[in-house]
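Residue numbers (the working numbering): 14 to 520.
Cβ coordinates follow ideal geometry from the N, Cα and C atoms, glycine included.
For clarity, every value in this text was computed on a predicted model and none was experimentally measured.
To keep things clear, I will list the structure first and then write my remarks on it.
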Amino acid sequence: MRIERKRCKWRDPIDREIRQMCVNARNAQLCRLRGSFIQVLVVQTSISSVNRQGECSMKKRLMWFLLIVAMITSYSFPASLEAQSAMSAADLRVALTSLLGEHVLLASAATNAALHGNDAEFQAAAAALDRNSVAIADAIGMVYGQPARNAFLPLWRKHIDFFVDYTVGVATNDVMKQNQAVADLDAYRQDFGAFLASANPNLTRDAVAEALVPHVMHLASTVNAQAKKDYAGAYAEIRKAYAHAGDLALVLAGAIAKQFPDRFSGRVDSSAAGLRTLLTNQLGEHTVLAAMATNAALQGRTDEFEAAAMALDNNSMDIAQSVAAVYGKAAGDAFLPLWRSHIAFFVDYTMGVAAGDKAKQDKAVADLNAYRNDFGAFLAGANPFLTKDAVAEALVPHVMHLASVVNAQAKRDYATAYNEIMMGYAHAGELGGVLAGAIAQQFPDKFMEQSMPMAMPATGHAEHHEATHLIEAHIEGWLIVGGVLGVLLLGAAFFYLRRRKETAIAS
C-alpha cells in the first residue's frame, strides 16, 4: 500500500499560538521555554507519513491538549509584567529599573560594536536593544493602555536613532553630524517630557527633560571614550549611566504609584523596595559586565578586557558592600573573595573555549558547580530562610547562561549571545528579588514599608515581597514541568506506536 506524504495543517497555527503566548512576555527565558516545550512535543508526536485526515485530526486534538497543559504548568513561573493583575509600587520600580538599566547596557554594547566595525555584532545588539524598547513600551501600555503604548514606542526608538547618528558622527569625525544629533536629543528630551507630563499629572515636561540630561550625557561620553579606545573611561560612563537609569525609574515609578494608588499599593521608597531594587540592579549589572569582558577577551581586545574586568570587580565590591550593610563587615569581607572566585572560573572557561581546550572547560564547569554549593552554604549560614541546595540550584541558570554567552561569542554567533545575555540579565533580577525577600523576612523591623532617604524626588511605596520561598517554588515548578513532560512524551509515543500498528494492519 502506497503511503502518501503530506504535512498536517496544524503546525503554523500552533506556531502562531506559541508566538502569541510570547508577546509582551517580560521573562524571555520562560517565554522561550514554553515555546520550545510545545515544539519539542510537536516533533516527538509528528509522523511524516500520513495518509488519512483522521490522523491529522487526532494530532490536532493531542496538540491542543498539550498546549493547554503547557499553559497550566506555566503557572509555576513568574508572570509577565503585563499579565499581573495586581502589582505593588515596588514591583513597578523594580521592573522599570531593570528595563531602563538593560537599555543602557545594550545601547553601550551596540555603539561599541559599531565603532569596532563589527557589523554582525552591531546588528545583534541593535535587535536586542529594540526588543528591550518593545518591553519598555509594553510597560507603558500596562499602565496607560494600548494607544499610549503605540505612541510611546516610536518616540522611544527615535532617541536611539539619534544616538546612532551621534555614533556615526564620532566614527567619521563629522562634527556637524554630532552637533545635529545632540540638538535632536535635546529636542527629544522636551518631546519625551511632554509625553509623560500629558499622561501623568505628577510629572512636568521640564522636570522630565531635565532628568534625561544625565542619560544623554553619559551615553554620549561612552561613545566618545569608545571611539578613543579609552575603555576605562567608557566603562566608568556605562556604570554611571546604569546607575542613573535606576534613579530615573524611581522617579517614574513614584509618579505612577501616586497617580494610581489603587493599582500600585505601598511605597516605592521603602527600605524593602530599596533593597530589592539594589540587589536586582547589582546582579543584573554583574551579568552584562561579565559578558562584555568575555567578548573583549575573545576578540583579542586586551585593553578593553582589562577595563571591563575592572568595572566588573568594582561591581563585585558594591555587592559585597550590600552584604556588609545587612550582615556586617565580616560577612562582606568573607563574601567578596567567594564571589570573585566564580568570576575567575568564568575567565578559566573563556580561556578554555578560546584555546579549544576541552579539559580546561570541563575543569572550569566543575569549579563553578562546586562554587554553587559553597555560595549556597554561605547564604544559608547567614539567612535561615535560604537553604544551601535551593541557592545552589537557583544559580544553575546563571552558570548556564554565561557559559552559553561565551560559547556563542567564540563562534561569533552574536544573535544567540545577546539572547543569552538578556536571559541571564532577567534571571539575575529574579535572583535579586528572591534574596531581598529572604532578607526582608529575616529582618522585618529593618525592611518595612517606611520611607528611606533618596537622592531624587519620589512618590510611592514599598513592598514586603513574599518571595522568601521563591527559590523552592521555582525548583518545584521545574520538577512539575519535567514530570508532565515525561508523561506527555510517553503518551505521544503510545499514540505514535498505536497508529503505526493500525497502519501496518490496514496495509
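With a floor of 3 residues, list each beta strand (DSSP E) that falls wholly inside the stretch 239–295, ordered by position along the chain. none
To the nearest whole angstrom, what separates the beta carbons of valine 195 and alanine 240, a pair I think is in contact under 8 Å? Position 182 of the sequence shown, counting from 1, holds the residue named residue 195. Position 227 of the sequence shown, counting from 1, holds the residue named residue 240. Rounded to the nearest angstrom, the Cβ distance from valine 195 to alanine 240 is 15 Å, too far for a contact under 8 Å.
Could you have a look at methionine 100 and say whether DSSP puts it in helix, strand or coil? For this step, residue 100 is matched to residue 87 along the sequence shown. Methionine 100 falls in the strand class under three-state DSSP.
Could you give the DSSP three-state label for phenylalanine 135: helix, strand or coil? As a first step, residue 135 must be located in the sequence shown, where it is residue number 122. The answer is helix: DSSP assigns phenylalanine 135 an H, G or I state.
Pairwise C-alpha distance: isoleucine 149 and glycine 495: Along the sequence shown, one-based indexing puts residue 495 at 482. Along the sequence shown, one-based indexing puts residue 149 at 136. Residue placement at glycine 495 is flagged as unreliable, the pLDDT there being 46, under the threshold of 50; the coordinate-derived value follows with that caveat. If you take the alpha carbons of glycine 495 and isoleucine 149, they lie about 32 Å apart.
Does any residue of chain C bring its CB to less than 9 Å from the CB of lysine 373? No chain C appears in this structure, which consists of one protein chain only.
If we ignore side chains and look at the alpha-carbon of each, how far apart do glycine 322 and aspartate 275 end up? One-based indexing of the sequence shown puts residue 322 at position 309. One-based indexing of the sequence shown puts residue 275 at position 262. With the sequence shown as reference, residue 322 is identified as alanine, and glycine is not the correct amino acid for it. Aspartate 275 has its alpha-carbon roughly 45 Å from the corresponding atom of alanine 322.
By Cβ distance below 8 Å, which residues in the same chain neighbour histidine 116 in space, the five residues on each side in sequence not counted? Along the sequence shown, read from residue 1 onward, the residue named residue 116 stands at position 103. Taken in chain order, the residues that qualify are Leu142, Asn145, Ser146, Ile149 and Ala258.
Cβ contact (3+ pairs, closer than 8 Å) linking the stretch 370–389 and the stretch 421–436: no
Specify, as a first and last residue, the run of the alpha helix (DSSP H) that proline 167 falls within. On the sequence shown, residue 167 is found 154 positions in, with the first residue counted as 1. It spans 159–184 - the alpha helix (DSSP H) in which proline 167 sits, taken as one unbroken run.
Where leucine 216 falls: helix, strand or coil (DSSP): Along the sequence shown, one-based indexing puts residue 216 at 203. Three-state DSSP puts leucine 216 in coil, outside helix and strand.
With distances taken Cα to Cα, identify the nearest neighbour of aspartate 326 among Val156, Tyr384, Arg170 and Leu302. As a working mapping, residue 326 is identified with position 313 in the sequence shown. It is Leu302 whose Cα lies nearest to the Cα of aspartate 326.
Tell me whether the stretch 228–236 and the stretch 300–318 touch, counting them as touching only if at least three CB pairs, one residue from each stretch, are closer than 8 Å. Judged by Cβ distances under 8 Å, the stretch 228–236 makes no contact with the stretch 300–318, as fewer than three pairs qualify.
With distance defined between alpha-carbon atoms, name the residue in Phe456, Ala152 and Ala123 nearest to alanine 139. Within the sequence shown, the letter at position 126 stands for residue 139. Among Phe456, Ala152 and Ala123, the Cα nearest to that of alanine 139 is on Ala123.
Excluding sequence positions up to five away, which residues of its chain have a Cβ less than 7 Å from the Cβ of serine 417? By one-based count along the sequence shown, residue 417 stands at place 404. Within the same chain, Cβ atoms closer than 7 Å to the Cβ of serine 417 are found at Glu433, the five residues on either side in sequence being excluded.
How many Å lie between alanine 102 and glycine 267 at the Cα? Position 89 of the sequence shown, counted from the start, is the residue given in the question as residue 102. Position 254 of the sequence shown, counted from the start, is the residue given in the question as residue 267. Alanine 102 and glycine 267: Cα-Cα distance of roughly 8 Å.
From what residue to what residue does the alpha helix (DSSP H) around histidine 355 run? By one-based count along the sequence shown, residue 355 stands at place 342. Where histidine 355 is concerned, the enclosing alpha helix (DSSP H) stretches over 342–368.
Express the C-alpha separation of valine 229 and alanine 137 in angstroms, rounding to a whole number. By 1-based counting over the sequence shown, the position of residue 137 is 124. By 1-based counting over the sequence shown, the position of residue 229 is 216. If I take the Cα positions, the gap works out to 23 Å.
Helix, strand or coil at lysine 13 according to DSSP, with G and I counted as helix: Missing from the structure shown is residue 13; the chain here goes from 14 to 520 and no further.
What separation, rounded to the nearest whole angstrom, lies between the Cα atoms of valine 181 and alanine 133? As a first step, residue 181 must be located in the sequence shown, where it is residue number 168. As a first step, residue 133 must be located in the sequence shown, where it is residue number 120. The C-alpha of alanine 133 is placed about 16 Å away from the C-alpha of valine 181.
State the DSSP-derived secondary structure class of phenylalanine 318, mapped to helix, strand or coil. Locating residue 318 in the sequence shown gives position 305, where the first residue counts as 1. Here phenylalanine 318 sits in helix by DSSP.
Close-in-space but distant-in-sequence residues of the same chain around glutamate 317 (CB under 7 Å, 5 per side omitted): Within the sequence shown, residue 317 is the residue found at index 304, counting from 1. Counting only Cβ-Cβ distances below 7 Å, and skipping sequence neighbours, we find Tyr244 and Ala309.
N-terminal and C-terminal residue of the alpha helix (DSSP H) that proline 410 is part of: Mapped onto the sequence shown, residue 410 falls at position 397. Note, proline 410: alpha helix (DSSP H), 409–423.
Alpha carbon of lysine 342 to alpha carbon of isoleucine 332, nearest angstrom: Taking the first residue of the sequence shown as 1, we reach residue 342 at position 329. Taking the first residue of the sequence shown as 1, we reach residue 332 at position 319. Going by the C-alpha atoms only, they are around 12 Å apart.
With 16 as the cutoff for other CB atoms within 10 Å, does methionine 436 come out buried or exposed? Locating residue 436 in the sequence shown gives position 423, where the first residue counts as 1. Per the 10 Å Cβ criterion, buried.
Are the stretch 378–386 and the stretch 402–418 touching by the rule of at least three beta carbon pairs closer than 8 Å? yes
Three-state secondary structure (DSSP) at methionine 436? Residue 436 sits at position 423 when you count from the first residue of the sequence shown. Helix at methionine 436.
When the Cα atoms are used, what is the spatial distance from valine 107 to glutamate 298? Against the sequence shown, residue 107 aligns to sequence position 94. Against the sequence shown, residue 298 aligns to sequence position 285. The straight-line gap from Cα to Cα measures roughly 14 Å.
Using C-beta distances below 6 Å, list every residue in its chain close to alanine 451, excluding the 5 sequence neighbours before and after it, in chain order. Within the sequence shown, the letter at position 438 stands for residue 451. Cβ neighbours of alanine 451 beyond the five flanking positions: Asn396, Phe398, Leu399 and Thr481.
Relative to the alpha-carbon of alanine 207, which residue among Leu225, Gln193 and Lys190 has its alpha-carbon at the smallest distance? Translated into positions along the sequence shown, residue 207 becomes position 194. Of the listed residues, the one whose Cα sits closest to alanine 207 is Leu225.
Just how far apart, CA to CA, sit arginine 280 and threonine 185? For the purposes of this step, residue 280 is taken as residue 267 along the sequence shown, with counting starting at 1. For the purposes of this step, residue 185 is taken as residue 172 along the sequence shown, with counting starting at 1. Whole-angstrom Cα-Cα distance: 48 Å.
Tell me whether asparagine 396 sits in a helix, a strand or coil according to DSSP, three-state version. Counting from one through the sequence shown, the residue named residue 396 turns up at place 383. Coil at asparagine 396, not helix or strand.
Alpha carbon to alpha carbon, how far is alanine 270 from asparagine 213? Give it in angstroms, no decimals. By one-based count along the sequence shown, residue 213 stands at place 200. By one-based count along the sequence shown, residue 270 stands at place 257. Rounded to the nearest angstrom, the two C-alpha atoms are 10 Å apart.
Within 10 angstroms of its Cβ, does methionine 330 collect 16 or more other Cβ (buried), or is it exposed? Sequence index remark: in the sequence shown, residue 330 carries index 317 (1-based). When all chains shown are included, methionine 330 counts as exposed.
Short of 7 Å in beta carbon distance, which residues of its chain neighbour leucine 109, apart from the five on each side in sequence? Order them along the chain. Taking the first residue of the sequence shown as position 1, residue 109 is located at position 96. The residues are Ala152, Ala262, Leu265 and Ala266.
Does the distance from the CB of glycine 114 to the CB of arginine 289 come in under 9 Å? Against the sequence shown, residue 114 aligns to sequence position 101. Against the sequence shown, residue 289 aligns to sequence position 276. No, these two residues do not count as a Cβ contact at 9 Å.
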